[in-house]
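Trainee:
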Amino acid sequence: MPGFELFGDTERESVNDVLDNGILMRYGFDGMRNGHWKAKALESELQKTLNTNHVQLVSSGTAAVSVALASAGVGAGDEVIMPTFTFVASFEAIMMLGAIPVLVDIDSTLTLDPKAVEAAITQNTKAVMVVQMCGSMGDMDTLKSICDNHNLIFVEDACQAIGGTYNGKSLGSIADVGCFSFDFVKTITCGEGGAVITNNKDYYLNADHYSDHGHDHMGNDRGAETHPFLGYNFRISELHAAVGLAQVKRLPEFLAIQKRNFNIIKNELATIPEIEFRTVPKGGIESCAFLSFFLPSLEISRKVSEAFKSNGIDVCWNYFDNNWHYIREWHHLKDAKSLYPLSSEIKNALEELKTQNFSQSDFYIGRNISCLIKLSWTEEEVRERALKMRNCINEVLIGN
Ligand SMILES: *Cc1c(COP(=O)(O)O)cnc(C)c1O
35 MPGFELFGDT ERESVNDVLD NGILMRYGFD GMRNGHWKAK ALESELQKTL
85 NTNHVQLVSS GTAAVSVALA SAGVGAGDEV IMPTFTFVAS FEAIMMLGAI
135 PVLVDIDSTL TLDPKAVEAA ITQNTKAVMV VQMCGSMGDM DTLKSICDNH
185 NLIFVEDACQ AIGGTYNGKS LGSIADVGCF SFDFVKTITC GEGGAVITNN
235 KDYYLNADHY SDHGHDHMGN DRGAETHPFL GYNFRISELH AAVGLAQVKR
285 LPEFLAIQKR NFNIIKNELA TIPEIEFRTV PKGGIESCAF LSFFLPSLEI
335 SRKVSEAFKS NGIDVCWNYF DNNWHYIREW HHLKDAKSLY PLSSEIKNAL
385 EELKTQNFSQ SDFYIGRNIS CLIKLSWTEE EVRERALKMR NCINEVLIGN
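Add 34 to the 1-based position in the sequence shown for my numbering, that's all there is to it.
Put into structure tokens, the structure is as follows:
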């Protein structure tokens, strides 16, 4: 997945374009920038790549989620349904707006179980956020129809899944509003950066203004712009956008490498009858940023992780005890360890997380191993790795 592995001359040239005239800001200074508009160019490139009407770049993926929710009007006291398996950014972005994260179980897709979503809907629910973890996706048709039936905003965090598709549509572009991250370890990197994408013009204009202090971006005198509503600063810089612009043009190349490496490992592991690959919903095509599979039990999965480690197989994780991605170890969240006072509604919701039953999520995450698919591996290295992985798994299974 990480695009930084293939950072090269085109990225350097693009950054040097910006350094040549020193206009590091994406807005204004029209006369001095010699036609360099890296952020604008990256937005229009993403628009084409993802086949969406509007793209707003921001400073990070976390900012993208917050801006997306704010643009759709999610705020204080609103409940946002999100999965137990995701990145900490999901609840951070929700709570920053004073909204309440409501965590629900995942299923074998490794994201929202539609039945769990339906069961969690209350009169305060405002949005449902699916997180397309590890290069694949949730059951988008079912989730979308739940949102439509209950009049909820459907948000899609596709930070880990650029290049994946569902019924021919790019992940990120299917829900009402989608989010991407271009942080240093994502498939396409800007160093730091993110994007909000949508076909809803109102949400787009809201995102455009909100991410720049509420500026209306009318005319070409920044000082004279008005503020139709309150905003914040989540701008991306021209330097970061320059890196992303070079990288996004290489997306087809990156995806082809991911797919080749993914298939070599998948075909090797498919010879083991005890392995079950994650469910990819009908009509879905993974981005191949990760290969995710289930083993028969948590115990076996832990042993396989250990065997991988001692045999030099890196970048494979069982997330059961992971600090970043799974609810079990989010003690700072469950204990509401905030630097500043939280609303009583948020505190109550977090308190509930301590006793809520997520055994269904444990059942999937406990048995799961997800392996990052790197871009820099040669075909020979991948074949060797795949064989080693198969041997490690078989040895654990035989010993069990
Ligand atoms: C990386 C990531 C984010 C946050 O992105 P940053 O740019 O690091 O803030 C959000 N959601 C998911 C699923 C991610 O993987």
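Don't be surprised by glycine CBs; every beta carbon is placed ideally from N, CA and C.
Under the rule that 16 or more other beta-carbon atoms within 10 Å means buried, what is Glu190, buried or exposed?
Mentor: Glu190 should be labelled buried.
Trainee: I need the straight-line Cα distance from His184 to Asp236, nearest angstrom please.
Mentor: Distance between the alpha carbons of His184 and Asp236 is about 21 Å.
Trainee: State the start and end residues of the unbroken beta strand (DSSP E) segment that holds Thr232.
Mentor: Counting along the chain, the beta strand (DSSP E) containing Thr232 begins and ends at 228-232.
Trainee: Are there three or more Cβ pairs, one per stretch, closer than 8 Å when the region 242-251 is compared with the region 106-115?
Mentor: The region 242-251 is not in contact with the region 106-115.
Trainee: Just to confirm, does Phe125 get its C-beta within under 8 Å of one of the non-hydrogen atoms of ligand 1?
Mentor: For ligand 1, not one heavy atom lies less than 8 Å from the Cβ of Phe125.
Trainee: How long is the line joining the alpha carbons of Asn102 and Tyr398, rounded to whole angstroms?
Mentor: One detail in the question is off: residue 102 reads as Ala in this sequence, not Asn. Computed Cα separation, rounded: 29 Å.
Trainee: Write down every uninterrupted run of the beta strand (DSSP E) in the region 90-128 whose length is 3 residues or greater and which is fully enclosed by it, in chain order.
Mentor: Those beta strand (DSSP E) runs which fall completely within the region 90-128 and span 3+ residues are 113-117.
Trainee: Is it the case that the region 166-173 contacts the region 314-325, given that we only count it when at least three CB pairs across the two stretches are under 8 Å?
Mentor: In short, these stretches touch, since the Cβ pair count reaches three.
Trainee: In angstroms, rounded to a whole number, what distance separates the CA positions of Ile432 and Asn402?
Mentor: Roughly 19 Å separates the two Cα atoms.
Trainee: Between the Cα of Lys368 and the Cα atoms of Cys405, Met66, Ser410, Val122, which residue gives the shortest distance?
Mentor: Among Cys405, Met66, Ser410, Val122, the Cα nearest to that of Lys368 belongs to Val122.
Trainee: Do Gly212 and Ile231 have their C-beta atoms within less than 9 Å of each other?
Mentor: In contact: Gly212 and Ile231 (Cβ atoms closer than 9 Å).
Trainee: In terms of residues, what are the limits of the alpha helix (DSSP H) holding Glu418?
Mentor: Note, Glu418: alpha helix (DSSP H), 413-433.
Trainee: If we count the other Cβ atoms within 10 Å of its Cβ and call it buried at 16 or more, is Thr156 buried or exposed?
Mentor: Exposed: under 16 other Cβ atoms inside 10 Å.
Trainee: Compare the beta carbon distance of Ile128 and Val92 with 9 Å and say whether it is the shorter of the two.
Mentor: Not a contact, by the Cβ cut-off of 9 Å.
Trainee: Going by C-alpha to C-alpha distance, which of Arg424, Ala97, Gly225 sits closest to Phe268?
Mentor: Selected option, being the one with the closest Cα: Ala97.
Trainee: The beta strand (DSSP E) spanning Val219 covers which residue range?
Mentor: Val219 -> no beta strand (DSSP E), and no H or E assigned at all.
Trainee: Just grab the DSSP bridge partners of Leu264 for me.
Mentor: Its beta-bridge partners do not exist; DSSP assigns none.
Trainee: Which partner residues does Pro135 have in the DSSP bridge list?
Mentor: Looking at the DSSP assignment, Pro135 forms a beta bridge with Val114.
Trainee: Just how far apart, CA to CA, sit Thr389 and Ala383?
Mentor: Distance between the alpha carbons of Thr389 and Ala383 is about 11 Å.
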